[in-house]
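J.: Heads up: take any position in the sequence shown, counting from 1, add 272, and you land on our numbering.
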Amino acid sequence: MGAGDDDTKPASMEVTSSSSSSSSPSPPSVLRSVLLSYAYVGIWMSLSFAVIVYNKYILDPKLYNWPFPITLTMIHMAFCASLAFFLVRVLRVVDVPSSSSSMTRRLYVSSVLPIGALYALSLCFSNSAYIYLSVSFIQMLKALMPVAVYSLAVALRTDAFRRATLLNMLAISAGVAVAAYGEARFDAFGVTLQLLAVAAEATRLVLIQILLTSRGVSLNPITSLYYVAPCCLAFLTVPWYAVELPRLRAAAAGAGLVTSPDVVFVFGTNSVVAFALNLAVFLLVGKTSALTMNVAGVVKDWLLIAFSWTVIKDTVTAVNLAGYGIAFLGVAYYNHAKLQALKTKEAERKAAATSATRPDDDAEAGARLLLRPDNKDAGGDHKN
């Protein structure tokens, strides 16, 4: 992927410029970096694909028929919180934020708790939508995520309003509207759930930038789960107790869903795959970039639509594909614009760093010239 190539090129340039006698990096090493980047993308896409399909399989009434999305989300959160604690506190695979930006009680209450509540809502609404909508249509609705994030960012003044970006967002929205118009299994309640999931997730992403990033707190996916998963689990207990617990007890008494060994296997493997996805995000973003993940996500959505159509036998109409094609082009252009903005920002940063060091270099060179024995009077000759 492009981001992976960008990560390897600066390193090779530094080596070749530091010494004329040093050899340039061998082609196998460059090829290895490229192949590793593609491998990271492939692992993330496979696990993300697996989690979505697995959740659909569990929740769909025509398949495994476990109509308890909040319970499923709570199982994920309990498993992820336990494993994250083990990785952070026992194995110490990753570090918690440094002492300069430690997670104080005040910061946790003011920042992490709202993010955890939104994360709980996002997961709950998103998993619930699988009961009513096809996988393909859900992926089409998820194309609205850039629209929601940009709108909130402009409203909260964390991003600037740009006419070109607005037109891009309108194109994405129009494409999703066309796709919804052509949906064969349109369910208004399911669409509402998925749109609420998009809104909650977009708000969570913007709040992460406002509440944590602006305060110098940087959390990778593992430490995010370490802090967020427990409070997310706590928030989920309220709707679970009110909505799903009575139904779950009735189902358990009638069909033995809770005590069946099949249930333990299904939810155990499902939780493992969900946690592995978080590890894959950590690996992919750390070794490539977040933009690489966004671009790969567009490809993954098309693969999911194809899978939903051919394997699950969901109905995908020509109007569906035309609408999502419009939204796809809008999302692709959005990612391209973000990439160009990042490149411009990086070039400006390098130019500023170069211009800042150049005067010091000139002054040092002039000082060396004045101190040379054969140029003692050079300064006096040129003062006036």
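Glycine is no exception: its CB is placed at the ideal position from the N, C-alpha and C atoms.
Enumerate in chain order the residues of its own chain whose CB-to-CB distance from Leu359 is below 7 Å, with the five nearest sequence positions on each side excluded.
T.: Cβ neighbours of Leu359 beyond the five flanking positions: Val365, Val366, Ile494.
J.: Whether or not the region 427-447 and the region 617-628 are in contact is what I'm after, with contact meaning three or more pairs of Cβ atoms, one per stretch, closer than 8 Å; do they touch?
T.: Output reads no: the region 427-447 does not touch the region 617-628.
J.: Do the region 586-604 and the region 403-411 make contact, defined as three or more Cβ pairs closer than 8 Å?
T.: Yes: the two stretches touch, three or more of their Cβ pairs being nearer than 8 Å.
J.: Which of helix, strand or coil does DSSP assign to Leu428?
T.: Coil at Leu428, not helix or strand.
J.: Could you spell out where the alpha helix (DSSP H) holding Met349 opens and where it closes?
T.: Taken as a continuous stretch (DSSP letters only), the alpha helix (DSSP H) holding Met349 covers 341-357.
J.: Is there a C-beta anywhere in chain C that falls below 9 Å from the one on Leu551?
T.: Included in the structure is just one protein chain, with no chain C present.
J.: Where does the unbroken alpha helix (DSSP H) through Asn337 begin, and where does it stop?
T.: Looking at the DSSP string, Asn337 is not in any alpha helix (DSSP H), and its letter there is neither H nor E.
J.: Which of helix, strand or coil does DSSP assign to Leu438?
T.: Helix at Leu438.
J.: My understanding is that Ala501 touches Cys396, with C-beta atoms under 8 Å, so please give their C-beta distance in whole angstroms.
T.: The Cβ separation is near 14 Å, so there is no contact.
J.: Mind checking which residues open and close the alpha helix (DSSP H) that includes Phe658?
T.: Outside the displayed span of the chain (273 to 656) sits residue 658, for which this structure offers no information.
J.: Indicate the three-state DSSP secondary structure (helix, strand or coil) for Leu593 in the structure shown.
T.: In the structure shown, Leu593 sits in a helix (DSSP, three-state: H, G or I).
J.: Please classify Tyr402: does DSSP put it in a helix, a strand, or coil?
T.: Of the three classes helix, strand and coil, the one that applies to Tyr402 here is coil, per DSSP.
J.: What's the C-alpha gap between Leu551 and Lys328?
T.: Those two C-alpha atoms are separated by around 21 Å.
J.: Between which two residues does the alpha helix (DSSP H) harbouring Ala501 extend?
T.: 493-511 is the extent of the alpha helix (DSSP H) around Ala501.
J.: If you check the beta carbons only, do Tyr596 and Ala415 fall under 9 Å apart?
T.: Yes, Cβ-Cβ distance for Tyr596 and Ala415 is below 9 Å.
J.: Going by beta carbon distance, what residues of the same chain come within less than 6 Å of Cys504, once the five residues before and after it are set aside?
T.: Answer for Cys504: Met349, Gly388, Tyr391, Ala392, listed in chain order.
J.: Considering only the alpha carbon of each residue, which of Thr616, Ala578, Ala594, Val325 lies closest to Val545?
T.: Per the Cα distances, Val325.
J.: Got a sec? Which residues, its chain only, sit under 7 Å from Asn492 by beta carbon, not counting five neighbours each side?
T.: These residues qualify, in order along the chain: Val366, Phe554.
J.: Using the rule of at least 16 other Cβ atoms within 10 Å of the residue's Cβ for burial, across every protein chain shown, is Leu335 buried or exposed?
T.: Answer is exposed; the Cβ neighbour count stays below 16.
J.: Within the same chain, show all residues whose beta-carbon is closer than 7 Å to that of Pro339, passing over the 5 residues directly before and after it, in chain order.
T.: Only Leu331, Pro333, Ile403 meet the Cβ criterion.
J.: What are the boundary residues of the alpha helix (DSSP H) that includes Ser408?
T.: Per DSSP, Ser408 belongs to the alpha helix (DSSP H) from 407-414.
J.: Just to confirm, are Lys559 and Tyr312 a CB contact at a threshold of 9 Å?
T.: Yes, the Cβ-Cβ distance between Lys559 and Tyr312 is below 9 Å.
J.: Judging by CA-CA distance, which residue of Arg429, Thr343, Ser627, Asn337 is the nearest neighbour of Val510?
T.: Of the candidates Arg429, Thr343, Ser627, Asn337, the one whose C-alpha sits nearest the C-alpha of Val510 is Thr343.
J.: Give every residue of the same chain whose Cβ lies closer than 7 Å to the Cβ of Ala474, excluding the five residues on either side of it in the sequence, and list them in chain order.
T.: The answer, listed in chain order, is Met417, Ala420, Val421, Leu424.
J.: My output table needs one value for Val570: the three-state DSSP class, helix, strand or coil.
T.: Val570: helix per DSSP, three-state reduction.
J.: Going by DSSP in three states, Met375 sits in which element: helix, strand or coil?
T.: Coil.
J.: Would you tell me roughly how many angstroms separate the C-alpha atoms of Val381 and Leu549, rounded to the nearest one?
T.: Using only the alpha carbons, I get a separation of about 27 Å.
J.: By DSSP, does Glu455 sit in helix, in strand, or in coil?
T.: DSSP places Glu455 in coil when its eight states are reduced to three.
J.: How close, in whole Å, do the beta carbons of Asn607 and Val567 come, if the pair is a contact with beta carbons under 8 Å?
T.: That pair is a contact at about 5 Å.
J.: In angstroms, rounded to a whole number, what distance separates the CA positions of Ser486 and Leu614?
T.: Cα to Cα, the separation comes out at about 19 Å.
J.: Let me confirm a value: Val536 is counted as buried when at least 16 other C-beta atoms fall within 10 Å, else exposed. Which label applies?
T.: Exposed, because fewer than 16 other Cβ atoms sit within 10 Å of the Cβ of Val536.
J.: How would you call Ser490, buried or exposed, if buried means at least 16 neighbouring beta carbons within 10 angstroms?
T.: Under this definition Ser490 is an exposed residue.
J.: Here's a check: name, in chain order, each residue in its chain whose Cβ is nearer than 8 Å to the Cβ of Arg457, leaving out the five neighbours to either side.
T.: Counting only Cβ-Cβ distances below 8 Å, and skipping sequence neighbours, we find Leu405, Ser406, Phe409, Asp586, Thr587.
J.: Applying the criterion that 16 or more other CB atoms from any shown protein chain within 10 Å of the CB defines a buried residue, is Tyr453 buried or exposed?
T.: Flag for Tyr453 reads exposed.
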